[in-house]
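Student: Per numbering that gives the first Met the number 0, residue 0 is the first one in the sequence shown, and the count goes up by one each step.
Backbone N, C-alpha and C fix where the C-beta goes; we use that ideal spot for every residue, glycine too.
Note that the structure is predicted; figures quoted are calculated from it, not measured.
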Amino acid sequence: MRQRVVRVAVAAVLVALVLLAGPLAVVVQRSFFEEERGALERTALAATVAVGPEFTTGDAVELPRPRPGGRLGVYDLSMRLRAGAGGQTGDAVTRRATGGKVARGNSGPDLVVAVPVVSAERVIGVVRASVPARSVWNRVLWAWALLLGVTLFALITAVLVARRQARALSAPVEALSRTAGEIADGDLGARAGPCGISELDQLARTQNTMVERLTQLLSRERDFSANASHQLRTALTGLQLGLEAGQELPPAADLRPVVREALERARHLEETVEEVLRLARPDTAEQHPVPRERLVRVLDRAQSRWHGVLAAAGRRLELRPSPGTESFDVPGRTTGQILDILLDNALRHGRGTTVVTVREAAGAVAIDVADEGTLALDPGAVFARGSTTGPGTGIGLAVAKELAEAAGGRLSVRASAPATFTLLLPGPEG
């Protein structure tokens with residue numbers, strides 16, 4: 000790019016210089032010759048003052064000094080040289096001046112100006128002034144050399160300025176290219192900075208916006224994969240355990256309870272998939288609102304899923320709804336997913352009895368999930384992805400917080416000892 004900018008700039012300057020210097024050289028030549036002819040004419044006119052009518056009878060004539068390197072002479076009407084220097088016989092330019100007008104022209108290698116000498120309104124002779132054209136051409140060539148030097152200086156200056164401007168223009172483009180290369184190599188944190196050129200700054204902003212959107216898209220895709228893996232693991236494990244328990248029953252046993260439990264687990268698995276997909280598309284949450292249902296039904300299903308799991312680990316699960324909260328409407332699937340995460344977290348990282356307390360809070364409902372353990376992490380970092388004190392992935396609580404915010408609620412740490420999480424959900428019109 001730099002070479003191209005330099006070539007374009009130099010070509011433009013070169014064309015401008017040629018278009019300017021060519022006519023200027025012609026003007027210089029003509030002006031020098033016209034100036035010399037004017038000087039010759041002034042010299043000849045000055046000489047006519049010194050020529051009187053007596054010069055035709057042989058009187059001496061005192062002529063002024065001729066031009067440097069030139070000659071000055073007086074001719075009679077018969078074209079004979081009577082005084083000064085010049086050819087012994089007048090030339091064609093001298094003969095034209097006998098007509099009463101100043102004559103200009105060339106005679107061999109000389110520039111010639113002839114001025115008639117008038118006395119009593121009658122031409123009585125001619126003053127001829129001449130100078131070698133070579134002397135004028137020498138001055139013209141020196142002027143052309145000076146013009147060529149100025150042109151070359153301007154061209155060199157244009158090359159230097161063009162190279163500097165090319166560096167100034169190409170540096171931001173190269174920086175954009177390097178940034179794009181870093182992004183292509185996987186550094187999604189690379190961003191293009193401003194350079195002061197409005198068009199390139201706009202390009203940099205567009206590129207940064209594109210990278211931001213790509214980063215958000217890739218982050219959403221990664222989060223979706225992690226969320227799906229985390230959320231589906233528990234549901235699939237429960238379904239698998241239920242089916243394995245049914246397989247151990249004797250052939251004559253009634254399998255309908257096992258089938259009903261498997262269907263319930265499958266339904267919950269479907270709800271989990273829908274919630275994970277909805278969380279991956281937060282912009283479509285308003286077009287696909289989560290159905291609301293009674294909180295008591297959500298709590299009953301959560302108890303049926305986790306009572307046996309906690310009991311198998313020697314733990315108890317208690318539900319303590321406050322009066323009047325059973326009929327509270329909540330986003331069913333979302334609330335169930337958050338409760339699953341909180342109860343799974345209590346199973347893995349807590350101890351003792353797990354208590355789920357439901358209370359009313361100024362038109363909203365607050366669900367406290369507490370166990371007898373102690374929160375080891377700082378409350379400000381407990382919802383960060385990857386934060387964990389055990390073998391877990393550290394994703395669950397981050398997903399629970401995102402689900403709560405997507406439903407218009409809030410999930411927070413109420414206490415560290417005993418470890419207590421509070422889910423606050425707005426009412427139907429909250």
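Find the nearest neighbour of Thr-214 within the set Arg-204, Ile-196, Val-258, Gly-188, judged by alpha-carbon distance.
Tutor: Here the closest residue by C-alpha is Gly-188.
Student: Since Val-308 is in the alpha helix (DSSP H), which residue starts that stretch and which ends it?
Tutor: Unbroken alpha helix (DSSP H) run through Val-308: 294-311.
Student: Do Gly-85 and Leu-71 have their C-beta atoms closer together than 9 angstroms?
Tutor: Closer than 9 angstroms, so yes.
Student: For Ala-113, which option in Arg-95, Val-130, Gly-107 has the closest C-alpha, if you only look at C-alpha atoms?
Tutor: Looking at the Cα atoms, Arg-95 is the closest of the given residues.
Student: Could you tell me if Pro-193 is buried or exposed, where buried requires 16 or more neighbouring beta carbons within 10 angstroms of its beta carbon?
Tutor: Exposed, because fewer than 16 other Cβ atoms sit within 10 Å of the Cβ of Pro-193.
Student: Give me, in chain order, the residues of the same chain whose beta-carbon lies closer than 6 angstroms to that of Glu-325; leave out the 5 immediate sequence neighbours on both sides.
Tutor: These residues qualify, in order along the chain: Val-295.
Student: Buried or exposed for Arg-300, please, with buried defined as at least 16 other CB atoms from any protein chain shown within 10 angstroms of its CB.
Tutor: Answer is buried; the Cβ neighbour count reaches 16.
Student: According to DSSP, which residues form a beta bridge with Ala-369?
Tutor: Beta-bridge pairing links Ala-369 to Val-354, Thr-419.
Student: Taking the beta carbon of Arg-66 as the centre, do at least 16 other beta carbons fall within 10 Å, making it buried, or is it exposed?
Tutor: When all chains shown are included, Arg-66 counts as buried.
Student: Kindly give me the distance between the Cβ atoms of Val-9 and Ala-157, rounded to whole angstroms, as I take these residues to be in contact under 8 angstroms.
Tutor: 6 angstroms between Cβ atoms; contact.
Student: If we ignore side chains and look at the alpha-carbon of each, how far apart do Ala-153 and Ala-15 end up?
Tutor: The alpha-carbon atoms of Ala-153 and Ala-15 are separated by roughly 11 angstroms.
Student: Can you list, in chain order, the residues of its chain whose CB lies under 7 angstroms from that of Gly-408, leaving out five sequence neighbours each side?
Tutor: Leu-422, Leu-423, Leu-424, Pro-425.
Student: Using 9 angstroms as the threshold, is the C-beta distance between Ala-128 and Ala-46 below it?
Tutor: Yes. Within cutoff.
Student: Pull up the DSSP beta-bridge partners for Pro-131, would you.
Tutor: Bridge partners of Pro-131: Asp-109.
Student: For Pro-115, does the three-state DSSP call read helix, strand or coil?
Tutor: The answer is strand: DSSP assigns Pro-115 an E or B state.
Student: Suppose the cutoff is 7 angstroms on Cβ atoms and the five residues either side in sequence are ignored; what does the same chain contact list for Gln-130 look like?
Tutor: According to the sequence as given, residue 130 is Val; it is not Gln. Hits under 7 angstroms: Glu-35, Leu-39, Arg-66, Gly-68, Gly-69, Asp-109, Leu-110.
Student: With distance defined between alpha-carbon atoms, name the residue in Trp-305, Arg-358, Ala-82 nearest to Arg-347.
Tutor: Among Trp-305, Arg-358, Ala-82, the Cα nearest to that of Arg-347 belongs to Trp-305.
Student: Is there contact between the segment 372-380 and the segment 326-335, where contact requires at least three CB pairs shorter than 8 angstroms?
Tutor: With the cut-off at 8 angstroms, the segment 372-380 and the segment 326-335 do not touch.
Student: Can you give me the start and stop residues for the alpha helix (DSSP H) that Leu-402 sits inside?
Tutor: Where Leu-402 is concerned, the enclosing alpha helix (DSSP H) stretches over 395-405.
Student: Using DSSP with H/G/I as helix, E/B as strand and the rest coil, what is Arg-319?
Tutor: Three-state DSSP puts Arg-319 in a strand.
Student: Quick one: residues in its chain with C-beta nearer than 6 angstroms to the C-beta of Asp-200, no 5 flanking neighbours on either side, listed in chain order?
Tutor: Only Pro-193 meet the Cβ criterion.
Student: Checking 9 angstroms against the spacing of the C-beta atoms, do Val-354 and Glu-317 come in under that value?
Tutor: Their beta carbons are under 9 angstroms apart, which means Val-354 touches Glu-317 by this criterion.
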